[in-house]
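Structure first, commentary second.
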Amino acid sequence: MPRFSPLTPALLDEIRAAVGGSAVLTTAADLDAASADATTERRRPEAVVRPASAEQVSALLRLANARRFPVTPRGTGTGLAGGALAFHGGVVLDLSAMDELTVEPANLLAVAGPGVLTHTLRSEAEKHGLFYPPDPASLKDSTLGGNAATNAGGPACVKYGVTKNYVLGLTAVLPTGEIVTCGTRTRKGVVGYDLTQLLVGSEGTLGVITTLFLKLIPLPRAVRTQVAVFPSLDKAVAGVAAIMAGGCCPSACEFLDPRCLALVGDLLPFGDLPRDASLLLLETDGSEQAADADMALVSEVCKKSGALHLLPATGPAERETLWNVRRQVSLRIHDAWPVYVPEDVVLPLAEIAGFVAELPRYEKKFGFTVYAFGHAGDGNIHLNITAPDRSTLDRVEAGTIALLKRVLELGGTMSGEHGIGFTKQRFLGLELSPASRCAQTAIKKALDPNGILNPGKLFDEDPA
Ligand SMILES: Cc1cc2nc3c(=O)[nH]c(=O)nc-3n(C[C@H](O)[C@H](O)[C@H](O)COP(=O)(O)OP(=O)(O)OC[C@H]3O[C@@H](n4cnc5c(N)ncnc54)[C@H](O)[C@@H]3O)c2cc1C
């Protein structure tokens with residue numbers, strides 16, 4: 089018997105009756121728009137529902153349980169793990185219209201709908217002298233709901249922590265349709281199990297987030313930005329470990345390997361770089377004095393680690409240019425290669441240099457090309473594994489597994505922020521013990537007995 093019911097015209101009418109006709113979209117353009125994310129996977133849903141309230145989400149999920157159709161939550165589809173794609177068809181639940189935002193400066197709090205874009209919250213908070221640090225490189229397009237569902241990180245997280253550190257509480261619709269508010273609007277709270285943090289990072293498999301209570305902090309008064317150019321990749325990553333152990337915490341410590349530089353070097357605001365150069369994008373922040381003192385310390389460590397040039401940003405415009413260059417990297421890799429596997433491993437800081445030095449050996453053995461960049465200060469290395477054509481997919485897969493196993497041997501983890509979704513699900517057994525998977529599958533079953541919410545992702549391994 090098929091696991092799910094197709095959305096027949098009669099069932100679509102029931103959905104319209106439950107959530108209101110105008111929230112249900114079925115044109116080819118609507119379905120196409122919900123068929124892609126930032127992976128190369130594509131899956132077309134049978135309908136898109138765009139709710140304006142938690143009550144509509146609840147009505148949809150109750151009906152999905154009664155009639156057994158799948159529902160896949162979606163923000164804006166910038167995810168890199170296939171999490172927002174409807175691998176089993178059914179409904180894509182597009183939360184982008186739930187974009188109400190209130191900043192409460194006196195409470196250092198933001199109350200946000202899941203569809204608010206990350207950069208919108210950051211700029212609204214800034215107007216009140218406040219700061220929302222989580223800054224995924226996709227921040228102009230990604231939603232806060234998607235960020236919470238994936239526990240997104242970003243450059244500032246090396247100093248300020250990731251999304252989960254800013255989610256004080258939330259309202260979610262559980263897969264069976266109950267609306268729950270968990271956590272608090274206050275800065276502390278310990279009542280009951282921490283359902284908030286269970287839902288954060290659950291990749292849309294345990295509940296649909298409909299409101300977020302987010303912690304804000306005072307906006308640092310000053311930021312200093314600098315690029316450090318190293319003669320080689322190994323010197324740059326050795327520099328990262330030295331910076332992080334050097335007595336101050338930068339507010340960003342990103343790296344780009346020579347291949348990434350070859351792809352985006354034309355966008356940099358200074359002249360040509362040496363051929364094998366690698367780059368660190370560094371920031372410090374705080375008071376004017378603290379930002380300067382910390383950047384002086386970082387510069388000293390960079391010089392001792394063999395930096396060829398230290399190039400401070402001349403002002404806010406050049407700072408923005410440098411960050412735009414950094415944000416272009418994955419897009420340009422994606423556009424340049426037909427086979428593109430975005431892994432985002434994390435290593436203990438002391439192991440990064442050794443691991444990166446081993447990459448050419450894997451490239452030679454498995455015939456792929458790796459672009460390495462990312463949040464080096466966190467040990468979070470984006471390994472973009474690429475190949476010229478799909479005939480090499482078997483070798484790419486074997487090489488990816490070999491690389492992930494090596495990361496785990498070195499004490500790392502296979503994903504720092506992009507999540508498991510669909511694309512990394514088959515690798516879960518490399519990292520999680522059977523007992524851990526069993527416990528986590530039991531949580532999924534307890535909350536979603538009919539498996540209607542985001543099937544085919546994370547701990548639901550039923551083949552699509
Ligand atoms: C150029 C680029 C750079 C990126 N840089 C970073 C980075 O620096 N750091 C980082 O962490 N990620 C990064 N990403 C990945 C991606 O942007 C993040 O995972 C982001 O959090 C996804 O947000 P979204 O709104 O696009 O979510 P979607 O892609 O739409 O969905 C992602 C997952 O969240 C679930 N979901 C979405 N909304 C909800 C909700 N309201 N309730 C429950 N579940 C929900 C979906 O089901 C899916 O599983 C990058 C992506 C790109 C394309």
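FYI, in our numbering the residues of the sequence shown are 89 to 552.
We put the CB at the ideal spot given by N, CA and C, even for glycine.
Closest in alpha carbon position to lysine 303, among Asp360, Val107, Thr269 and Leu209, is Leu209.
Selection Leu370, Gly500 and Pro263 evaluated against leucine 294 yields Pro263 as nearest (Cα-Cα). Membership of cysteine 348 in the alpha helix (DSSP H) is indicated by the continuous run 346-352. Setting aside the 5 residues that flank it on each side, leucine 307 is surrounded in the same chain by Ala213, Glu214, Gly217, Leu218 and Phe219, each with a C-beta closer than 8 Å to its C-beta; the list follows chain order.
Within its own chain, the residues whose Cβ lies closer than 7 Å to the Cβ of arginine 130, once the five positions on either side in sequence are excluded, are Ser123 and Ala124, listed in chain order. Inter-segment contact for the region 392-399 and the region 306-323 is present: three or more beta-carbon pairs are separated by less than 8 Å.
Straight-line spacing of the CA atoms in proline 362 and valine 352 works out to 14 Å. With contacts defined by Cβ atoms closer than 8 Å, isoleucine 440 and valine 325 form a contacting pair.
Shown here, threonine 272 sits in coil according to DSSP, grouped into three states, outside any helix or strand. A check of alpha carbon separations from glutamate 505 across Trp411, Gly249, Lys323 and Gly203 identifies Gly249 as the nearest. Straight-line measurement puts the Cα of aspartate 432 at about 38 Å from the Cα of valine 107. DSSP places alanine 116 inside the alpha helix (DSSP H), whose first and last residues are 116-121. The three-state reading of DSSP puts aspartate 432 in strand, counting E and B together. Here the region 478-493 makes contact with the region 444-454; the two share three or more CB pairs at distances below 8 Å.
Per DSSP, the unbroken beta strand (DSSP E) holding arginine 312 starts and ends at 310-318. Between valine 180 and proline 133, the gap from beta carbon to beta carbon is short of 8 Å. Look at the region 519-544 and you find no whole run of beta strand (DSSP E) that is 3 residues long or longer.
CA-to-CA, the gap between valine 389 and valine 328 works out to about 9 Å. As the crow flies, the alpha-carbon of glycine 241 is around 26 Å from that of leucine 535. One alpha carbon belongs to threonine 238, the other to glycine 177, and they sit about 21 Å apart. Residue nearest to cysteine 337 within the set Gly509, Glu266, Val386 and Glu291 is Val386 (criterion: CA-CA distance).
Annotation: the continuous beta strand (DSSP E) that includes proline 161 extends over 159-162. Between ligand 1 and glycine 242, a heavy atom-to-CB distance of less than 7 Å is present. The beta carbon of glycine 462 lies closer than 6 Å to those of Asn468, Ile469 and His470 in the same chain, with the five residues before and after it left out. With a threshold of 7 Å, the Cβ atom of threonine 269 does not count as near ligand 1, since no heavy atom of the ligand is closer than that. Distance check between arginine 347 and each of Gly292, Gly170 and Asn472 places Asn472 closest, using alpha-carbon atoms only. In this structure the region 542-550 touches the region 495-513; the number of beta carbon pairs closer than 8 Å is three or more.
In this structure, DSSP gives histidine 470 an extended state, which the three-state scheme calls strand. Going by beta carbons, threonine 299 and glycine 201 fall inside the 8 Å limit.
In this structure, the C-beta of histidine 506 approaches ligand 1 to less than 7 Å from one of its heavy atoms. In chain order, Ala330 place their CB closer than 8 Å to the CB of lysine 392, counting only its own chain and leaving out the 5 sequence neighbours on each side. Inclusion of isoleucine 103 and leucine 151 in the CB contact set at 8 Å is warranted, their separation being smaller than that value.
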